[in-house]
Amino acid sequence: MAIRVYNSLTRRKEAFAPLHGNRVSMFVCGLTPQDETHMGHAKTYVAFDVVARYLRHKGFHVFYLQNVTDIEDRIIDKMKSTGRAWNDIVGQYFAEYLGVMARLQCTSVDVYAFATDYIDEIVEQIEGLITKGHAYRADDGSVYFDTTTFSGWGKLSGQKVEELRPGARVAVEERKRHPADFVLWRAQKPGEPAWDSPWGKGRPGWHIEDTAITIRHFGPQYDLHGGATELLFPHHEAEIAQAESYTGVTPFVKVWMHGGMVMVKGEEMHKSLGNYWPVTAALKLYEPEVIRFFLVNVQYRGPIDFTPELLDEAKRSYERLRETVRTVDAERRRAPESGKADRELRAATKKALADFDAAMSDDFNTREAIAVLFDFARAANKAIETGAGRAALDETAAAFRTVGDILGLFLTPAAGADRVDGLVDVVVALREDARKRKDFAAADRIRDALGALGIVLEDTRDGVRWKRK
RNA sequence: GCCGGGGUGACAGAGCGGCUAAUGUGACCGACUGCAGAUCGGUUUCCUGGGGGUUCGACUCCCUCCCCCGGCACCA
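Going by my numbering, the first sequence opens with residue -18, and the numbers climb by one from there.
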């Protein structure tokens, strides 16, 4: 099914078509490693991980690039408050970030690009912008982008310059000619890390790194740019202004995607509000898979409220799906070649895959896609009760694996060697003998012992099935 | 003030110009059952923020008002 994506630039859903064949160049704004990775990061990166996975599943060759802002005000603040080197701080928090991402199954990024590795490109771009009259040098050696020279300013956010309130959140720097202007190159202040440039020592402004990085990897134009909605203005607006002014190629990015925020009891999550959730804190309470499920159980554009009640609900919901996947696997081991409900099960599997795809192709509607999986799970459980054959169950299992690979869920527990499976079967058979003798004490002892090893026994109408937890 | 996104059952949250308005959680009843677990069936609650319009028909499109969230110039 053709993919439709909501494009923030046009404010509607559009048919997705890459610029070059089936190659998709995708860039997502990465983080500034200067503190713990929090649930907001997790939501954004899980969402775009699913986007990349789904596009790849659909046969697109996706190159997923993410930047890392390794020099920025907050890092310098941290330097000052801790006395540590900037790259030491970055190294620590970026490593922590990678660990968290791995646990959340965010595996689709191809390249992490560090801003400071692109100083040459940044300088080159700024020089180009100055030459073309889009940027000016201030007295202290900083360079600013002159937004009055870019007629497209505001096209992404829908903002009109005259209607903005300068200084609503951050004080306007007095060196700027116009409040909308933004810094491209920040002159060094004593004690700050700095790089050489034609304008003296300094460091890149926040917005310029992204265009420097993407122009090097993708050229003047690319397919998808993702990020959280809070970055839409001014950050993404600034990227467009820089890139289009520098290259003259429009549009810089074909599709802009913005993800909703993580809220805590209806408030934005902030360290200063005391409602801050580092991912590691959440991981102490919930399995990574549950957190991932919680995050993909909403449409990416919507916000999500991060509360223990909703996490608990997500845990119970997810358990239902995961349990079904385990049941299907367990049944495959003991099912006869064919069963009464095979026809229904095959139809349900086919329908589930089609409906799942339809949901995902509609702006990556994971919420809808997961609703499809609940229907599928019920159909599968029902078929198993009626009697499903191995071949049909294999197809069901494969379908769950397919959708699980796209969502990053249903990780299969490490399967034991065949010999272990055989051994469990033997023990289960012995327990059945005990049950037939009504020796329930022995039967329960065996069940408990296996349970302690992560093997769960379930007595059903037609025999025992066992699963790995 | 301006820009963007929203307001759907107890809660969370989809959808679509007309099908009993998904799905999950919760609650209740039933089936299965040595116990446990899992599962299945059923019931429960919204006619979709207020008002107006377009239409044979709107939750879905248009207008207006109210309310919530985010952004407004270095927050994922």
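Glycine is no exception: its CB is placed at the ideal position from the N, C-alpha and C atoms.
Inter-residue Cα distance where the pair is S342 and V(-14)
On the first sequence, residue 342 is found 361 positions in, with the first residue counted as 1. On the first sequence, residue -14 is found 5 positions in, with the first residue counted as 1. The C-alpha of V(-14) is placed about 8 Å away from the C-alpha of S342.
P201 - DSSP class collapsed to helix/strand/coil
For the purposes of this step, residue 201 is taken as the residue at position 220 of the first sequence. It is coil, neither helix nor strand.
At what residues does the beta strand (DSSP E) containing S6 begin and finish?
Here residue 6 corresponds to residue number 25 of the first sequence, with the count starting at 1. Start and end: 4 to 9.
Status (buried if at least 16 other CB within 10 Å, exposed otherwise) for F29:
Numbered from its first residue, the first sequence carries residue 29 at position 48. So F29 ends up on the buried side.
Starting from the C-beta of L36, find all residues in its chain whose C-beta is less than 6 Å away, skip the five residues before and the five after it, and write them out in chain order.
Translated into the one-based positions of the first sequence, residue 36 becomes position 55. Cβ neighbours of L36 beyond the five flanking positions: V5, V43.
Name the one or two DSSP bridge partners that F126 has.
The count along the first sequence starts at 1 and reaches residue 126 at position 145. The partner list for F126 (beta bridge, DSSP) reads A116, F163.
Less than 8 Å separating the beta-carbons of N48 and G11?
Residue mapping note: residue 48 aligns to position 67 of the first sequence, counting from 1. Residue mapping note: residue 11 aligns to position 30 of the first sequence, counting from 1. Yes. Within cutoff.
Do you know offhand how far G114's Cα is from L46's?
Residue mapping note: residue 114 aligns to position 133 of the first sequence, counting from 1. Residue mapping note: residue 46 aligns to position 65 of the first sequence, counting from 1. When rounded, the separation of the alpha-carbon atoms in G114 and L46 is 30 Å.
Along the beta strand (DSSP E) that carries R327, what are the first and last residues, could you check?
The residue given as residue 327 occupies position 346 in the first sequence. First-last for R327: 323 to 342, but that is the alpha helix (DSSP H), not the beta strand (DSSP E).
Does the region 198 to 207 come within contact of the region 54 to 63, defined as at least 3 CB pairs closer than 8 Å?
Contact between the region 198 to 207 and the region 54 to 63 is absent: fewer than 3 CB-CB pairs across the two stretches fall below 8 Å.
Where the alpha helix (DSSP H) containing W383 begins and where it ends:
The residue given as residue 383 occupies position 402 in the first sequence. Going by the sequence as given, residue 383 is Thr instead of Trp. It spans 371 to 388 - the alpha helix (DSSP H) in which T383 sits, taken as one unbroken run.
Select from W258, R449, A209, R359 the residue whose C-alpha is nearest the C-alpha of L392.
The count along the first sequence starts at 1 and reaches residue 392 at position 411. Distance from the Cα of L392 is smallest, within the candidate group W258, R449, A209, R359, for R449.
So D323 and A358 are in contact, right, with Cβ under 8 Å, and what is the actual spacing, rounded?
For this step, residue 323 is matched to residue 342 along the first sequence. For this step, residue 358 is matched to residue 377 along the first sequence. Taking the Cβ atoms as the reference, D323 lies roughly 17 Å from A358, outside the contact range of under 8 Å.
Residue environment, D344, which counts as buried when at least 16 other CB atoms sit within 10 Å:
What you label residue 344 is simply residue 363 of the first sequence in a count that begins at 1. Sixteen is the threshold: when 16 or more other Cβ atoms of the shown chains lie within 10 Å of the Cβ of D344, as they do, the residue is buried.
Secondary structure of E294, DSSP reduced to three states
The residue you call residue 294 lines up with position 313 of the first sequence. Helix.
With a Cβ-Cβ cutoff of 8 Å, do T456 and T347 count as a contact?
Residue numbering for the chain in the displayed model covers -18 to 450; residue 456 lies beyond these limits and cannot be assessed.
Does the region 213 to 230 come close enough to the region 117 to 128 that 3 or more CB-CB pairs lie under 8 Å?
Output reads yes: the region 213 to 230 touches the region 117 to 128.
If distances are taken between C-alpha atoms only, which option among A161, R84, G247 comes closest to I272?
Locating residue 272 in the first sequence gives position 291, where the first residue counts as 1. Looking at the Cα atoms, R84 is the closest of the given residues.
At least three beta-carbon pairs within less than 8 Å, the region 162 to 181 to the region 74 to 92
Counting Cβ pairs under 8 Å, fewer than three are found: no touch.
Residues in its own chain within less than 7 Å of C87 by CB, not counting five upstream and five downstream?
For the purposes of this step, residue 87 is taken as the residue at position 106 of the first sequence. Y26, V27, D30, listed in sequence order.
Report back the beta-carbon spacing between M242 and T210 to the nearest angstrom; my notes put them in contact at under 8 Å.
As a position in the first sequence, residue 242 is number 261, starting the count at 1. As a position in the first sequence, residue 210 is number 229, starting the count at 1. Separation of the CB atoms of M242 and T210 is rounded to 7 Å, and the pair is thereby assigned contact status at 8 Å.
Would you check if there are 3 or more beta carbon pairs closer than 8 Å linking the region 252 to 263 to the region 220 to 239?
Taking a cut-off of 8 Å on C-beta distances, the region 252 to 263 does not touch the region 220 to 239, as fewer than three cross pairs fall below it.
Sort F421, E304, H22 by Cα distance to R75 and report the nearest one.
Locating residue 75 in the first sequence gives position 94, where the first residue counts as 1. Reading the sequence as shown, one finds Phe at residue 75 and not Arg. Comparing Cα positions, the closest option is H22.
Exposed unless 16 or more other CB atoms sit within 10 angstroms - verdict on T441
Translated into the one-based positions of the first sequence, residue 441 becomes position 460. Flag for T441 reads exposed.
My guess is that E412 and I427 are in contact by the Cβ rule of under 8 Å, so how many angstroms apart are they, rounded?
Position 431 of the first sequence, counted from the first residue, corresponds to residue 412. Position 446 of the first sequence, counted from the first residue, corresponds to residue 427. Before going on, a small fix: residue 412 reads as Arg here, not Glu. Your pair R412 and I427 checks out as a contact, with CB atoms roughly 4 Å apart and the cut at 8 Å.
Report yes if the C-beta distance between L438 and V401 is below 8 Å; otherwise report no.
For this step, residue 438 is matched to residue 457 along the first sequence. For this step, residue 401 is matched to residue 420 along the first sequence. No, the Cβ-Cβ distance between L438 and V401 is not below 8 Å.
I need the straight-line Cα distance from E155 to Q73, nearest angstrom please.
As a working mapping, residue 155 is identified with position 174 in the first sequence. As a working mapping, residue 73 is identified with position 92 in the first sequence. Linking E155 to Q73 through their CA atoms gives a straight-line distance of about 35 Å.
G186 to T18, Cα distance in whole Å?
As a working note, residue 186 is residue 205 in the first sequence. As a working note, residue 18 is residue 37 in the first sequence. Rounded to the nearest whole angstrom, the CA to CA distance from G186 to T18 is 22 Å.
Can L326 and A369 be called in contact, C-beta distance under 8 Å?
Position 345 of the first sequence, counting from 1, holds the residue named residue 326. Position 388 of the first sequence, counting from 1, holds the residue named residue 369. Yes.
From E318, E268, W176, residue whose alpha carbon lies closest to that of A295
Here residue 295 corresponds to residue number 314 of the first sequence, with the count starting at 1. The residue with the shortest Cα to Cα distance from A295 is E268.
Boundaries (first-last residue) of the beta strand (DSSP E) holding I436:
Reading the first sequence from its first residue, position 455 is the one you call residue 436. Unbroken beta strand (DSSP E) run through I436: 436 to 441.
Output the distance between the C-alpha atoms of P232 and A(-17), rounded to the nearest integer angstrom.
As a working mapping, residue 232 is identified with position 251 in the first sequence. As a working mapping, residue -17 is identified with position 2 in the first sequence. If I take the Cα positions, the gap works out to 22 Å.
For the alpha helix (DSSP H) containing A(-4), name the first residue and the last one.
Taking the first residue of the first sequence as position 1, residue -4 is located at position 15. Here A(-4) belongs to no alpha helix (DSSP H); instead the beta strand (DSSP E) covers -7 to -4.
If you check the beta carbons only, do K246 and D286 fall under 8 Å apart?
Mapped onto the first sequence, residue 246 falls at position 265. Mapped onto the first sequence, residue 286 falls at position 305. In contact: K246 and D286 (Cβ atoms closer than 8 Å).
Limits of the alpha helix (DSSP H) - the one that W451 falls within
Residue 451 is absent from the structure shown; the chain starts at -18 and stops at 450.
By Cβ distance below 7 Å, which residues in the same chain neighbour A350 in space, the five residues on each side in sequence not counted?
Looking up residue 350 in the first sequence gives position 369. Answer for A350: F337, A340, M341, listed in chain order.
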